[in-house]
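S.K.: So the sequence shown is residues 32 to 659, counted in our numbering.
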Amino acid sequence: MSELDPNLEKLVRGICWKLYLEEDSPELETEWDRFKISSSYRQQASKISKSFVDIAKQVFDYRLGINDVATKEEIKKIEELWVIFIKWISNKPDGVKPEVVEKLHNLVNHDLKESVRSAIVKVLSQKQPDLPPFTQAHQETEEYIPAYRQMTVSIGETSASKNVENLDYNNETANLPTTPEKVTEEERSHNTQPIQPGIRATGNMPTGEAPERIPTPVKPPWKYLPVPEDEPDKHEEFDCKADKSPEGLKLIGARVRGKAHKHKGTNCDDWFEFAVSGNWTIIAVSDGAGSKKFSRLGARVSCQAAVRKLSNDLKAHNLFERQIEEQLSNALKRHPNWDFVSKDINDVQTVLHQAMNTAYEAVKAKAEQLHPLADYSIVLGGKRKLDIKDLSATLLLAVHTTVKAGENHYNIVLTCQVGDGMLAAVSQESKLQLLGKPDTGEHGGQTEFITSKKVLDKNNLLQKTYIFPGKLRALMVMSDGVAEDYFPHNPGMLELYGDLVLNQIVNSSQPDETEISQQLRNTHLGSIGGVEDYKERFQEKVERILPDESNEPKTVFIRSVVQYARELGKDVKEVVASSALLAAGRNQMCSECQQMNPEDKLQLWLDSYYRRGSFDDRTLVVLYREEV
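1) How big is the Cα-Cα spacing for E438 and V537?
2) Report the option in E658, N361, K107 and T650 whose CA atom is closest to the CA atom of I376.
3) Taking DSSP's pairing of strands, which residues face N439 in a bridge?
4) Taking only the alpha-carbon atoms, compute the straight-line gap between S146 and Y72 and give it to the nearest angstrom.
5) Please name the residue in V287, L350 and S333 whose C-alpha comes closest to that of R575.
6) Examine chain D for any beta-carbon lying closer than 8 angstroms to the beta-carbon of D647, and answer yes or no.
7) Taking only runs that begin and end inside the stretch 258 to 321, name each unbroken beta strand (DSSP E) of 3 or more residues, in chain order.
8) Can you tell me whether DSSP reads R44 as helix, strand or coil?
9) Between D64 and the rest of its own chain, which residues show a CB-CB distance below 7 angstroms, the 5 nearest in sequence each way excluded?
10) Grab the span of the beta strand (DSSP E) containing R649 for me, first residue to last.
11) Helix, strand or coil for C621, going by three-state DSSP, please let me know.
12) Beta carbon of L635, beta carbon of V592: below 8 angstroms?
13) The alpha helix (DSSP H) that contains E580, what's its start and end?
14) I'd like to know whether the C-beta atoms of D406 and P257 end up nearer to each other than 8 angstroms.
15) Can you give, in chain order, each stretch of the alpha helix (DSSP H) that sits fully within the stretch 483 to 518 and has at least 4 residues?
16) Tell me whether the beta-carbon of A614 lies closer than 8 angstroms to the beta-carbon of I547.
17) Using CA coordinates, which residue listed in R365, A386 and Q75 is at the minimum distance from V449?
18) Is it right to say F499 is buried, meaning 16 or more other beta carbons lie within 10 angstroms of its own, or is it exposed?
19) Mark G289 as exposed unless 16 or more other C-beta atoms lie within 10 angstroms of its C-beta, in which case mark it buried.
20) With 16 as the cutoff for other CB atoms within 10 Å, does W369 come out buried or exposed?
21) Please check the pair L345 and V372, which I expect to be a contact at CB under 8 angstroms, by giving their CB distance rounded to whole angstroms.
22) Report yes if the CB atom of L651 is closer than 8 angstroms to the CB atom of M524, and no otherwise.
23) Contact defined as beta carbons within less than 8 angstroms: I believe C271 pairs with W302. What is the distance between those atoms, to the nearest angstrom?
24) Can you tell me the Cα-Cα spacing of N38 and F66, whole angstroms?
25) Could you work out which residue in F269, G309 and I443 is closest to E630 when comparing CA atoms only?
26) Determine the closest residue to V607 out of A273, E544, E657 and V532, with distance taken between C-alpha atoms.
27) Check whether the stretch 349 to 357 and the stretch 403 to 417 are in contact - that is, three or more C-beta pairs closer than 8 angstroms.
28) With a cut-off of 8 angstroms, do at least 3 Cβ pairs link the stretch 388 to 400 to the stretch 321 to 337?
29) Measuring CA to CA, which of S639, V513, K632 and A306 is closest to K572?
30) Using CA atoms only, rank isn't needed, just tell me which of A398, K293 and A514 is closest to P252.
31) Can you give me the C-alpha to C-alpha distance between T389 and E623, rounded to a whole angstrom?
Okay, structure coming up:
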């Protein structure tokens with residue numbers, strides 16, 4: 032076989048491991064787990080399975096003599112394996128002859144394995160289908176606009192206000208990407224059996240039942256190696272910072288080096304930037320390609336260039352005040368070419384797309400600057416010079432402001448995305464709206480990068496541009512190291528928000544004890560005492576991967592809103608919508624957290640929470656309403 036891309040080779044070996052065609056290995060098991068949680072898993076696994084069926088059909092066609100064309104040599108070998116095995120089973124031998132063992136060994140480990148590998152590679156190497164023609168994309172928009180309207184909070188109850196139904200954001204002239212995908216009923220399974228209030232209240236534990244811990248993760252022998260000192264452009268292991276939006280929303284962001292990078296002693300590839308400019312809050316997140324040695328530079332340069340461009344161009348730009356809500360609804364409509372009807376909003380979309388192009392030009396210039404330098408060539412093996420592909424990285428952009436319509440102020444968020452990762456908004460009514468759709472690259476498990484000029488085509492960027500108009504509770508922008516841990520994204524992004532609240536990174540309102548008690552009575556846990564008694568079912572003790580000399584907390588306790596909801600006998604959506612239930616379940620991750628700022632706690636949490644098969648860098652930026 033021809034030499035495969037290293038990432039594709041690892042994926043192929045991981046799938047072969049699942050089929051017992053590779054020796055047992057934590058690394059390959061992790062690769063399989065990573066594939067299984069990817070967005071393309073079901074589609075690609077089905078194609079692989081079908082390829083196996085096609086091989087089997089060819090084998091039996093050959094054996095039965097109904098294949099009149101020349102048969103591939105590996106098909107003949109698999110058929111030979113079938114014959115040997117069936118004859119052996121039919122004769123019911125007491126022992127196995129050494130020559131048979133040898134033949135079986137060779138057939139399984141060479142011919143059969145090569146055929147299976149070929150089938151896998153054939154599926155994974157298929158190019159993804161091109162985007163639909165521009166004029167035909169998003170044909171279903173009209174169908175899910177009602178669901179979109181319900182994702183924003185009601186406008187208010189004054190005589191001048193209307194329900195959000197009247198903020199008529201629809202499209203009468205074009206099919207548009209106003210929302211990412213039709214909202215489906217597919218969700219993770221939760222315990223929704225009829226509630227027996229108080230069954231798990233303290234002092235009332237069912238006989239023979241004791242609190243169960245979250246299953247202890249079987250972790251590979253991860254080790255800690257520092258970031259290399261001998262490579263140019265060293266990337267710091269951690270970063271976190273905070274700011275406030277012009278409206279007073281809290282803005283925090285953090286990135287951490289993934290377990291795989293710690294284990295290998297390599298740099299983190301993620302980067303993020305944010306800024307406040309005029310009435311705008313600007314966010315950029317980027318994830319460098321793991322197979323590219325200097326992708327971290329592409330991530331950094333693209334974020335910095337995009338935020339700088341957006342800051343300059345939006346500083347003096349304000350959205351027009353509308354006298355009534357209907358005027359804002361009309362302004363959010365689009366023309367057939369997907370431009371917004373209202374110029375003030377369309378100008379923001381234009382600047383977002385220009386920022387993407389500015390990021391590309393900045394990365395291109397950086398690559399040209401580094402191309403002749405020997406230090407970079409040495410890291411690449413000394414056989415070639417650095418080029419733009421070595422700086423491959425994704426880029427997610429979001430801008431936020433407010434606009435007055437009638438007697439109310441609305442949050443407006445516009446986003447644009449190249450590559451994987453996710454952007455999502457949670458409304459004040461705890462409704463979820465996804466604001467992105469990850470790109471898929473040439474191979475399954477890969478993605479698009481800002482270094483690919485084709486992704487900057489205007490039609491493509493228009494299809495990757497989303498808007499949220501409503502009452503915002505939280506906006507979250509993340510690299511795929513976080514996004515893949517919360518897949519499927521609906522309801523995964525709600526679960527992410529719930530986890531941030533439960534671990535006291537993002538604060539939620541504090542209801543009085545009476546309200547908390549009333550809410551808990553209608554759950555399986557029954558009371559605060561029940562929550563405490565059963566906390567080990569939704570709280571995991573995590574030993575962090577740190578250098579021996581580190582002064583950071585080495586052990587933390589991470590809570591899961593999915594597990595918490597299951598113990599309550601509630602759906603995650605119900606829990607996230609209830610400030611009382613969130614307040615009852617939240618807890619600090621460690622004693623040191625009492626004195627930490629939110630951004631420091633976000634960094635700690637990103638570096639600590641456990642997901643099987645999750646070892647990538649993690650970056651998350653959150654813009655949220657502080658509640659007291």
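Glycine included, C-beta positions come from ideal geometry on N, C-alpha and C.
M.R.: A quick look at the data gives this:
1) 29 angstroms
2) N361
3) A436
4) 21 angstroms
5) It is V287 whose Cα lies nearest to the Cα of R575.
6) Of the protein chains in this structure there is only one, and it is not chain D.
7) You should have 269 to 275, 281 to 287, 301 to 308 and 311 to 318.
8) helix
9) Non-local C-beta neighbours of D64 in its own chain, meaning closer than 7 angstroms and more than five positions away in sequence, comprise R643 and G644, ordered along the chain.
10) If you look at R649, you'll find it in the beta strand (DSSP E) that goes R649 to Y655.
11) coil
12) no
13) Looking at the DSSP string, E580 is not in any alpha helix (DSSP H), and its letter there is neither H nor E.
14) No, these two residues do not count as a Cβ contact at 8 angstroms.
15) 489 to 494 and 511 to 514
16) yes
17) When R365, A386 and Q75 are compared, the shortest CA-CA separation from V449 is found for A386.
18) buried
19) buried
20) For W369, the number of other beta carbons within 10 angstroms of its own is at least 16, and it is reported as buried.
21) Going by Cβ atoms, the distance from L345 to V372 rounds to 20 angstroms, so no, they are not a contact pair.
22) Not closer than 8 angstroms, so no.
23) Going by Cβ atoms, the distance from C271 to W302 rounds to 13 angstroms, so no, they are not a contact pair.
24) Going from the Cα of N38 to the Cα of F66 covers about 11 angstroms.
25) F269
26) Put simply, of A273, E544, E657 and V532 the residue whose alpha carbon is nearest the alpha carbon of V607 is V532.
27) Contact fails: fewer than three Cβ-Cβ distances are below 8 angstroms.
28) In short, these stretches touch, since the Cβ pair count reaches three.
29) Closest option to K572, judged by alpha-carbon separation, among S639, V513, K632 and A306: S639.
30) K293
31) 42 angstroms
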